[in-house]
Amino acid sequence: MRHINNYFFLLCFALLLPMTLIAQHTFSIVAVDPETGEIGSAGATCISAEDGAITVSDIVLGVGAINTQALWTPSNQRAATKRMKAGDSPEQIIQWMVQHGEVPDNAQYVVVDLNGGAPRTAGYTGVKVFDEKLHLTGANYAIAGNILLSKEVIRDMETAFLQTEGSLADKLMAALQGAKRPGADSRCLRDGVSSGSAYIRVADPSDTNNEHGKLSLDLNVWITTNVFEPIDALQKEYDNLGQCVEVSLALKTDNYPTETSWEIQDKDRKVVASGGSYNKELITVKKCLPSGEYTFVIKDTYGDGICCRYGNGYYKLTSGGRTLASGGSFRYSEQTPFSLQNSKNLTLDMKNEVFVKDGGAQIAIYPNPADDIVVIKSDGQFISSYEIHDVFGKLIEKASNGIKTPNTTIYLDVKKYLSGMYFVTIYDDKQQKEVNQLIVK
Numbered sequence: 003m004r005h006i007n008n009y010f011f012l013l014c015f016a017l018l019l020p021m022t023l024i025a026q027h028t029f030s031i032v033a034v035d036p037e038t039g040e041i042g043s044a045g046a047t048c049i050s051a052e053d054g055a056i057t058v059s060d061i062v063l064g065v066g067a068i069n070t071q072a073l074w075t076p077s078n079q080r081a082a083t084k085r086m087k088a089g090d091s092p093e094q095i096i097q098w099m100v101q102h103g104e105v106p107d108n109a110q111y112v113v114v115d116l117n118g119g120a121p122r123t124a125g126y127t128g129v130k131v132f133d134e135k136l137h138l139t140g141a142n143y144a145i146a147g148n149i150l151l152s153k154e155v156i157r158d159m160e161t162a163f164l165q166t167e168g169s170l171a172d173k174l175m176a177a178l179q180g181a182k183r184p185g186a187d188s189r190c191l192r193d194g195v196s197s198g199s200a201y202i203r204v205a206d207p208s209d210t211n212n213e214h215g216k217l218s219l220d221l222n223v224w225i226t227t228n229v230f231e232p233i234d235a236l237q238k239e240y241d242n243l244g245q246c247v248e249v250s251l252a253l254k255t256d257n258y259p260t261e262t263s264w265e266i267q268d269k270d271r272k273v274v275a276s277g278g279s280y281n282k283e284l285i286t287v288k289k290c291l292p293s294g295e296y297t298f299v300i301k302d303t304y305g306d307g308i309c310c311r312y313g314n315g316y317y318k319l320t321s322g323g324r325t326l327a328s329g330g331s332f333r334y335s336e337q338t339p340f341s342l343q344n345s346k347n348l349t350l351d352m353k354n355e356v357f358v359k360d361g362g363a364q365i366a367i368y369p370n371p372a373d374d375i376v377v378i379k380s381d382g383q384f385i386s387s388y389e390i391h392d393v394f395g396k397l398i399e400k401a402s403n404g405i406k407t408p409n410t411t412i413y414l415d416v417k418k419y420l421s422g423m424y425f426v427t428i429y430d431d432k433q434q435k436e437v438n439q440l441i442v443k
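For the sequence shown, the working numbering assigns the number 3 to the initial residue and increments by one for each residue that follows.
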């Protein structure tokens, strides 16, 4: 009967406050590292949306982190952050929120701050928060969850955080893995996954912008079409960070862009990146490749290169300010070997592929090659649907994206695909926008 009363209360609250956004969010952790000055937050929820899990997170640079969840309201989030900026301790923030915040009986809070190298933590769970619920605090962390399969979700998060060696980010990622199980958020049990969205954020002392997506580490995944495990997808993106070296290709074709194509081959002559032919003259492509030996190959089907008979074309492949290959005057093809090594001086990026389109719009497909979850991400480009074809033209998969936004992320599960080459066709409404190669290992 208690659950029915709580749902009735939420309905009434929503009707009374129609302009207030409310949502039930589940398990999360906030933590600091007093030695490095890092401040972090991570969490997950069954809400499958870009602003699903990550909405609960606020990090005040140089100070601490606050997560407000269960019955989430923007005013509670703003008020708690304002109290932290005013200098309140975590315990004082929670006391203020219980006395002055909205619906404290249905809210859940975790707070941590650096406090000059002597961290302070606090947690709170309202009596009407949905079961199962629990919050735990330690020397430098606070963990909480609600609508859980069991309280063990939170206890296992704590165990994983404490037993994992490494950076603060490593420990936060481990905490999420500790929580992962079908139905960790009990609403997701029927789908056989822990959650519908998950995030991890860590602010470095040098960070100057605490907006979502702007911190030194700021990853966010959510289910769009195919159901997959968000925490595993987040882990994959986390693992990819720093393990590849970004290369950038600036390519200006001659007046006949359809004649031009290129590829990057590894030491075994396997193609790991490619592009063309094109329908425009100016192309910028970014790739993130593992350290190793490679060969850049550029081709022209007519045999007159890209400079200078029918236009002043050129190509330039760079990495971290270093030119790896360049030119424009050749006949049918030109090859340039180069090597990549991870270095703190090189730009690192989790994205394996970014096509910079007219007007600055971008579509990324990564990792590529892949054997698990593939991310299709757009920046400034609407994606209404996509199709996957094999090399024989057979339609393997087709799906529509119900969210009409120029910034879209789609997660594609390719574990069921046979190894080989596929083609990803991106559509905006019924207009074809991109066709990109995808290699499944």
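Ideal Cβ positions, reconstructed from N, Cα and C, are used throughout, including at glycine.
Taking the alpha helix (DSSP H) that residue i falls in, what are its first and last residues?
{"i": "Trp98", "result": "Pro92 to His102"}
{"i": "Asp172", "result": "Leu170 to Ala181"}
Would you report the Cα separation of residue i and residue j, rounded to the nearest angstrom?
{"i": "Tyr143", "j": "Thr47", "result": "19 Å"}
{"i": "Val112", "j": "Gly422", "result": "46 Å"}
{"i": "Pro232", "j": "Asp107", "result": "29 Å"}
{"i": "Ile428", "j": "Gln337", "result": "30 Å"}
{"i": "Ser250", "j": "Val426", "result": "21 Å"}
{"i": "Glu389", "j": "Ile441", "result": "15 Å"}
{"i": "Gln179", "j": "Ala44", "result": "11 Å"}
{"i": "Asp430", "j": "Gln97", "result": "50 Å"}
{"i": "Asp234", "j": "Leu217", "result": "21 Å"}
{"i": "Pro207", "j": "Leu116", "result": "11 Å"}
{"i": "Ala67", "j": "Leu73", "result": "18 Å"}
{"i": "Leu1", "j": "Lys182", "result": "The requested residue 1 is not part of the displayed model; the chain covers only 3 to 443."}
{"i": "Ala124", "j": "Val377", "result": "36 Å"}
{"i": "Asp90", "j": "Met99", "result": "11 Å"}
{"i": "Asp351", "j": "Leu219", "result": "Since pLDDT at Asp351 reaches only 31, below the 50 mark, its modelled position is unreliable, and the value read off the structure follows with that caveat. So the alpha carbons of these two residues sit roughly 11 Å apart."}
{"i": "Glu261", "j": "Thr325", "result": "24 Å"}
Go ahead and label residue i buried or exposed: buried means 16 or more other beta carbons lie within 10 angstroms of its beta carbon, across all protein chains shown.
{"i": "Gln343", "result": "exposed"}
{"i": "Arg80", "result": "exposed"}
{"i": "Glu160", "result": "buried"}
{"i": "Lys269", "result": "exposed"}
{"i": "Ala372", "result": "buried"}
{"i": "Thr83", "result": "buried"}
{"i": "Asp241", "result": "exposed"}
{"i": "Gly361", "result": "Residue placement at Gly361 cannot be trusted, given a pLDDT of 42 that sits under 50; what the coordinates show is reported in the next sentence. Gly361 is exposed by the Cβ-count criterion."}
{"i": "Arg311", "result": "exposed"}
{"i": "Gly395", "result": "exposed"}
Among the options, which residue has its Cα nearest to the Cα of residue i?
{"i": "Gly119", "options": "Ala33, Met99, Ser402 and Glu104", "result": "Ala33"}
{"i": "Leu276", "options": "Thr297, Asp256 and Pro292", "result": "According to the sequence shown, residue 276 is Ser rather than Leu. Of the candidates Thr297, Asp256 and Pro292, the one whose C-alpha sits nearest the C-alpha of Ser276 is Thr297."}
{"i": "Ala141", "options": "Val131, Leu191 and Arg122", "result": "Arg122"}
{"i": "Tyr419", "options": "Asn403, Leu397 and Tyr429", "result": "Leu397"}
{"i": "Gly39", "options": "Phe29, Leu63, Glu52 and Ala51", "result": "Leu63"}
{"i": "Ala401", "options": "Ser328, Phe394, Glu37 and Asp415", "result": "Asp415"}
{"i": "Asp187", "options": "Ser30, Lys173 and Ser293", "result": "Ser30"}
{"i": "Ile61", "options": "Ser387, Met86 and Asn370", "result": "Met86"}
{"i": "Lys417", "options": "Lys173, Trp74, Ala181 and Val229", "result": "Val229"}
{"i": "Asp133", "options": "Glu261, His27 and Glu248", "result": "His27"}
{"i": "Lys130", "options": "Gln71, Gln237, Arg324 and Asp256", "result": "Gln71"}
{"i": "Lys289", "options": "Tyr280, Asp220 and Ile266", "result": "Ile266"}
{"i": "Gly330", "options": "Pro292, Ser263 and Asp392", "result": "Ser263"}
{"i": "Thr226", "options": "Glu52, Gln439 and Ile41", "result": "Glu52"}
{"i": "Asp35", "options": "Arg271, Leu221 and Gly168", "result": "Gly168"}
{"i": "Ile202", "options": "Leu191, Thr325, Gln237 and Val114", "result": "Gln237"}
{"i": "Lys254", "options": "Asn281, Lys379 and Thr57", "result": "Asn281"}
{"i": "Val274", "options": "Lys318, Glu295 and Asn257", "result": "Glu295"}
Taking 7 Å as the cut-off, is the CB of residue i close to at least one heavy atom of the ligand NAP?
{"i": "Val62", "result": "In terms of ligand content, the structure shown is empty, and the ligand NAP therefore cannot be addressed."}
If I follow the unbroken beta strand (DSSP E) through residue i, where does it start and stop?
{"i": "Gly66", "result": "Gly66 to Leu73"}
{"i": "Pro339", "result": "Ser335 to Leu342"}
{"i": "Asn314", "result": "Segment: none, Asn314 is in no beta strand (DSSP E) and carries neither H nor E."}
{"i": "Ala235", "result": "Taken as a continuous stretch (DSSP letters only), Ala235 belongs to no beta strand (DSSP E), being part of the alpha helix (DSSP H) at Pro232 to Asn242."}
{"i": "Asn78", "result": "Note, Asn78: premise wrong, no beta strand (DSSP E); alpha helix (DSSP H) at Pro76 to Lys87."}
{"i": "Tyr296", "result": "Gly294 to Asp302"}
{"i": "Asn228", "result": "From DSSP, Asn228 is part of no beta strand (DSSP E); its letter is neither H nor E."}
{"i": "Glu389", "result": "Ser387 to Asp392"}
{"i": "Leu420", "result": "No beta strand (DSSP E) holds Leu420; DSSP gives it neither H nor E."}
{"i": "Ser59", "result": "Ser59 to Val62"}
{"i": "Ile49", "result": "No beta strand (DSSP E) contains Ile49, which DSSP labels as neither H nor E."}
{"i": "Cys290", "result": "Leu284 to Leu291"}
{"i": "Ala372", "result": "Note, Ala372: premise wrong, no beta strand (DSSP E); not H, not E."}
{"i": "Phe29", "result": "Phe29 to Asp35"}
Report task. Output the residue ranges of the beta strand (DSSP E) runs that lie fully inside the stretch 249-281 and measure 3 residues or longer, sorted by chain position. Result -> The qualifying runs are 262-268 and 273-278.
Requested in this report: Identify every run of the alpha helix (DSSP H) within the stretch 97-161, keeping only runs that are complete inside it and at least 4 residues long; order them along the chain.
Outcome: Those alpha helix (DSSP H) runs which fall completely within the stretch 97-161 and span 4+ residues do not exist here.
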